[in-house]
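Per the working numbering: the sequence shown = residues 1445 to 1566. Where is the CB? At the ideal position from N, CA and C, for every residue including glycine. Because the structure is a prediction, the values reported are computed rather than measured.
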Amino acid sequence: MLAVEINEAKGIALLEPDGPLSREDFESAAKVIDPQIDKAGQLNGLVIHTEAFPGWDSFAGLSSHLKFVRDHHKKISRVAFSTDSAIGNLGESIANHFVSAEIKLFAYQDLEQAKIWASGEG
């Protein structure tokens, strides 16, 4: 499951995975995030908050994740990873080559700092 929360005032979305990610998780996330992008023209930031990367439940989950990134990366200014997972460092390095958003890594417990940075306030 992927919980998605929008903070309209700050123009950010918080994504918190709880278990392996599925195709349906990314479809649901888009249904929450897309109206905010349509309304504001973009998101200031997206915060991914997970203690450990949960992986995907299938190849369809991975494919949907890649499609979500492809469809949204030009509409999101900043992506903050708030995680203690080693994949956070790898994700930051790889994503910098494929997405136009600025990317920054934060410790799992530094969620509030990640939100401030993602909103453009810090």
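Start and end residues, beta strand (DSSP E) containing residue 1447: For the purposes of this step, residue 1447 is taken as residue 3 along the sequence shown, with counting starting at 1. Where residue 1447 is concerned, the enclosing beta strand (DSSP E) stretches over 1446-1451.
CA nearest to the CA of residue 1464, picked from 1458, 1509, 1560: Here residue 1464 refers to the residue found at position 20 of the sequence shown. The shortest C-alpha separation from residue 1464 is found at 1509.
Determine, using beta carbons only, whether residue 1477 and residue 1448 come nearer to each other than 8 Å. The residue labelled residue 1477 in the question sits at position 33 within the sequence shown. The residue labelled residue 1448 in the question sits at position 4 within the sequence shown. Yes.
Considering only C-alpha positions, which residue in the set 1489, 1529, 1473 is nearest to residue 1583? There is no way to answer for residue 1583, as the model of the chain reaches only from 1445 to 1566.
For residue 1548, does the three-state DSSP call read helix, strand or coil? Translated into positions along the sequence shown, residue 1548 becomes position 104. Three-state result, residue 1548: strand.
For residue 1521 versus residue 1454, is the C-beta distance shorter than 8 Å? Locating residue 1521 in the sequence shown gives position 77, where the first residue counts as 1. Locating residue 1454 in the sequence shown gives position 10, where the first residue counts as 1. No, Cβ-Cβ distance for residue 1521 and residue 1454 is not below 8 Å.
Between residue 1445 and residue 1472, what straight-line distance do the alpha-carbon atoms span, to the nearest angstrom? Here residue 1445 refers to the residue found at position 1 of the sequence shown. Here residue 1472 refers to the residue found at position 28 of the sequence shown. Distance between the alpha carbons of residue 1445 and residue 1472: 10 Å.
Three-state secondary structure (DSSP) at residue 1466? Your numbering for residue 1466 matches position 22 in the sequence shown. The answer is coil: DSSP assigns residue 1466 none of H, G, I, E or B.
Starting from the C-beta of residue 1494, find all residues in its chain whose C-beta is less than 6 Å away, skip the five residues before and the five after it, and write them out in chain order. Counting from 1 along the sequence shown, the entry for residue 1494 is found at position 50. Counting only Cβ-Cβ distances below 6 Å, and skipping sequence neighbours, we find 1461, 1527.
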